[in-house]
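Colleague: Once you've had a glance at the structure underneath, I'll fire off some questions.
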Amino acid sequence: MRIVVDAFGGDNAPDEIVKGALAAAEEFGVDITLTGDKNLIQKSIEKQGLKTPDSLNIVHCTDVISMHDEPTSLLKAHAESSMAVAFCELTEGRADAFVSAGSTGAIVVGGTLLVKRIKGIKRPALGGLLPTPSGGKYLLMDMGANAECRPEMLAQFGLMASVYLEKVEGVKDPKIGLLNIGTEDTKGDPLRQETYRLMQELPIHFIGNVESREMPKGVCDAVITDGFTGNIALKLIEGTSMTLMKMIKEILYRSVFNKLAALVIKKDLYALKKLMDSSEVGGAPLLGVKQPVIKAHGSSDARAIRSAIGQAVRFAERNVIETISKNL
Numbered sequence: 000m001r002i003v004v005d006a007f008g009g010d011n012a013p014d015e016i017v018k019g020a021l022a023a024a025e026e027f028g029v030d031i032t033l034t035g036d037k038n039l040i041q042k043s044i045e046k047q048g049l050k051t052p053d054s055l056n057i058v059h060c061t062d063v064i065s066m067h068d069e070p071t072s073l074l075k076a077h078a079e080s081s082m083a084v085a086f087c088e089l090t091e092g093r094a095d096a097f098v099s100a101g102s103t104g105a106i107v108v109g110g111t112l113l114v115k116r117i118k119g120i121k122r123p124a125l126g127g128l129l130p131t132p133s134g135g136k137y138l139l140m141d142m143g144a145n146a147e148c149r150p151e152m153l154a155q156f157g158l159m160a161s162v163y164l165e166k167v168e169g170v171k172d173p174k175i176g177l178l179n180i181g182t183e184d185t186k187g188d189p190l191r192q193e194t195y196r197l198m199q200e201l202p203i204h205f206i207g208n209v210e211s212r213e214m215p216k217g218v219c220d221a222v223i224t225d226g227f228t229g230n231i232a233l234k235l236i237e238g239t240s241m242t243l244m245k246m247i248k249e250i251l252y253r254s255v256f257n258k259l260a261a262l263v264i265k266k267d268l269y270a271l272k273k274l275m276d277s278s279e280v281g282g283a284p285l286l287g288v289k290q291p292v293i294k295a296h297g298s299s300d301a302r303a304i305r306s307a308i309g310q311a312v313r314f315a316e317r318n319v320i321e322t323i324s325k326n327l
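Quick note on numbering that gives the first Met the number 0: the sequence shown kicks off at 0 and runs consecutively.
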């Protein structure tokens, strides 16, 4: 199996991307293709003293699509960028899955227009795994690919989330909830009410409406919503988590007694920090397209890239796309 990685996507490119990709090659036993400036990639490998596998392939290109570029520029103005070239490796059959920490918008455009949608899918969607206090995870979908949605789109998100969780994350009979302002089936706007009705008819374990305060508790395995609401929810969760960790740190450094207490609970605090660490999860799958596409976090370090590649490997191996197509 070969995974193509956009070596110049993300805040920490190329060093962390290259380091994570080569670590994944060794850990998962897969072949890696890196796209980007070959000279800079080779310098990064030498500078970090990394072991280069014989199967490593570097596809040279010097252009990069930035977070500030229009996503559609991937198709024309930046058609020779590291991301666009990586998509070509995937669509032309030279790779089995795609990983990038680059522009979310460009990845959605590339997935939709280059990789193309599964027949019958209205819109692809991004699903991201978030931690629960018990050490589990739940999928939030859509996280920002589709700001405006119709009921049938949200229903398809629920179907795709169920298949992905069962096939890739190993969740048996995953519980699917619909994000709403109340748990009653009459709550919400017409979009939510009609989606509720449609999701009841799907071959999934639909548990009904879920309020946002219940999400982190792990009441369900996937929370379905439109991309506008999902992106706001995601960033609120991230911001709250970072703020709470900062507040805990400030309290523990406030006095000598607090510092002594910190030494006692140091191990537990590190465990909590690891639980909230997105680098352990990997990335967000773009579900609804014909080949495996993983969007890694823009600030991904080597560990996060390694995790994202592991995620891509499971995605490619376990017939996720075929199962979604069959269930449609």
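No residue lacks a Cβ here, since even glycine has one placed at the ideal position from N, Cα and C.
Mind checking whether C219 and G176 have CB atoms under 8 Å apart?
Modeller: Contact: yes.
Colleague: Can you give me the C-alpha to C-alpha distance between I328 and E88, rounded to a whole angstrom?
Modeller: Outside the modelled stretch of the chain, which goes from 0 to 327, sits residue 328, for which no answer is possible.
Colleague: Is there at least one non-hydrogen atom of the ligand FMN closer than 7 Å to the beta-carbon of N230?
Modeller: The model depicted lacks the ligand FMN and carries no ligand whatsoever.
Colleague: Within its chain, find whatever has a CB closer than 7 Å to the CB of G143; leave out the 5 residues flanking it on each side and keep chain order.
Modeller: Cβ within range, chain order: T103, L125, G226, G229 and N230.
Colleague: Closer than 8 Å is the cut-off here; do at least three beta carbon pairs connect the segment 168-186 with the segment 210-224?
Modeller: Touching, per the Cβ criterion.
Colleague: Which residue wins for smallest C-alpha separation from G110, given the options T90, L129, G127 and A100?
Modeller: The shortest Cα separation from G110 among T90, L129, G127 and A100 belongs to T90.
Colleague: Give me the Cα-Cα distance between A307 and F7, rounded to the nearest whole angstrom.
Modeller: Their Cα atoms are separated by approximately 15 Å.
Colleague: Per DSSP, what are the beta-bridge partners of L138 in this structure?
Modeller: Paired residues: L128 and A221.
Colleague: Just tell me which of K121, A94, F86 and L129 has its CA closest to the CA of V114.
Modeller: It is F86 whose Cα lies nearest to the Cα of V114.
Colleague: Which residue comes first and which comes last in the beta strand (DSSP E) that contains I208?
Modeller: Here the sequence assigns Asn to residue 208, which means Ile is not the residue at that position. H204 to V209 is the extent of the beta strand (DSSP E) around N208.
Colleague: Give the straight-line distance between the Cα atoms of S264 and F256, rounded to the nearest whole angstrom.
Modeller: The question names Ser, yet the displayed sequence has Ile at residue 264. The alpha-carbon atoms of I264 and F256 are separated by roughly 13 Å.
Colleague: Relative to the C-alpha of P130, which residue among P215, A24 and L327 is closest?
Modeller: Of P215, A24 and L327, the residue nearest in Cα terms is P215.
Colleague: What separation, rounded to the nearest whole angstrom, lies between the Cα atoms of R317 and R253?
Modeller: One C-alpha to the other measures close to 50 Å.
Colleague: Hey, A96 and A315 are a contact pair by Cβ (cut 8 Å); roughly how many whole angstroms apart?
Modeller: Confirmed, Cβ separation roughly 5 Å.
Colleague: Please state whether DSSP places D62 in a helix, a strand or coil.
Modeller: Of the three classes helix, strand and coil, the one that applies to D62 here is strand, per DSSP.
Colleague: Once you ignore the five residues that flank G135 on each side, which residues in its own chain have a CB closer than 6 Å to its CB?
Modeller: Excluding residues within five positions, the ones whose Cβ falls inside 6 Å are G217.
Colleague: Count the other CB atoms, across all protein chains shown, that sit within 10 Å of the CB of M241; report buried if there are 16 or more and exposed otherwise.
Modeller: So M241 counts as exposed.
Colleague: Within 10 angstroms of the Cβ of K18, are there 16 or more other Cβ atoms? Answer buried if so, exposed if not.
Modeller: Counting Cβ neighbours within 10 Å, K18 comes out buried, since at least 16 surround it.
Colleague: Would you give the residue range spanned by the beta strand (DSSP E) that S161 belongs to?
Modeller: Not the beta strand (DSSP E): S161 falls in the alpha helix (DSSP H), residues P150 to K166.
Colleague: Excluding the 5 residues flanking K166 on each side, which residues of the same chain have their C-beta closer than 7 Å to its C-beta?
Modeller: Within the same chain, K166 has close Cβ partners R317, N318, V319 and T322.
Colleague: Go through its chain and collect everything with a Cβ distance to R116's Cβ below 8 Å, but skip five positions before and after it.
Modeller: Excluding residues within five positions, the ones whose Cβ falls inside 8 Å are R122, P123, G287, V288 and K289.
Colleague: Quick check on DSSP: helix, strand or coil for A24?
Modeller: Residue state, collapsed to three classes: helix.
Colleague: Name the one or two DSSP bridge partners that L33 has.
Modeller: Answer by DSSP bridge pairing, in chain order: V4 and I57.
Colleague: Report, in whole angstroms, the separation of the C-beta atoms of E26 and A301, which I expect to be a contact under 8 Å.
Modeller: Contact flag wrong, Cβ pair sits at about 12 Å.
Colleague: Taking C-alpha atoms, which residue in V170, Q192, E168 and G169 lies nearest to N179?
Modeller: The shortest C-alpha separation from N179 is found at Q192.
Colleague: Can you check whether the CB of D30 is closer than 8 Å to the CB of M66?
Modeller: Their beta carbons are not under 8 Å apart, which means M66 does not touch D30 by this criterion.
Colleague: Near G181, what residues of its chain come up, given a Cβ to Cβ distance below 8 Å and the 5 sequence neighbours on each side ignored?
Modeller: The residues are G187, N208 and E210.
Colleague: Measuring CB to CB, does V312 end up less than 8 Å from I106?
Modeller: Contact flag unset, no.
Colleague: Among the candidates S324, C60, V3 and K46, whose CA atom is the shortest distance from the CA of S80?
Modeller: When only C-alpha atoms are compared, the closest one is C60.
Colleague: Using the three-state DSSP reduction, which class does V98 fall into: helix, strand or coil?
Modeller: Of the three classes helix, strand and coil, the one that applies to V98 here is strand, per DSSP.
Colleague: Taking the beta carbon of G238 as the centre, do at least 16 other beta carbons fall within 10 Å, making it buried, or is it exposed?
Modeller: Per the 10 Å Cβ criterion, exposed.
Colleague: Between which two residues does the alpha helix (DSSP H) containing V319 stretch?
Modeller: V319 -> alpha helix (DSSP H) spans V319 to N326.
Colleague: K118: buried (16+ other C-beta within 10 angstroms of its C-beta) or exposed?
Modeller: Answer is exposed; the Cβ neighbour count stays below 16.
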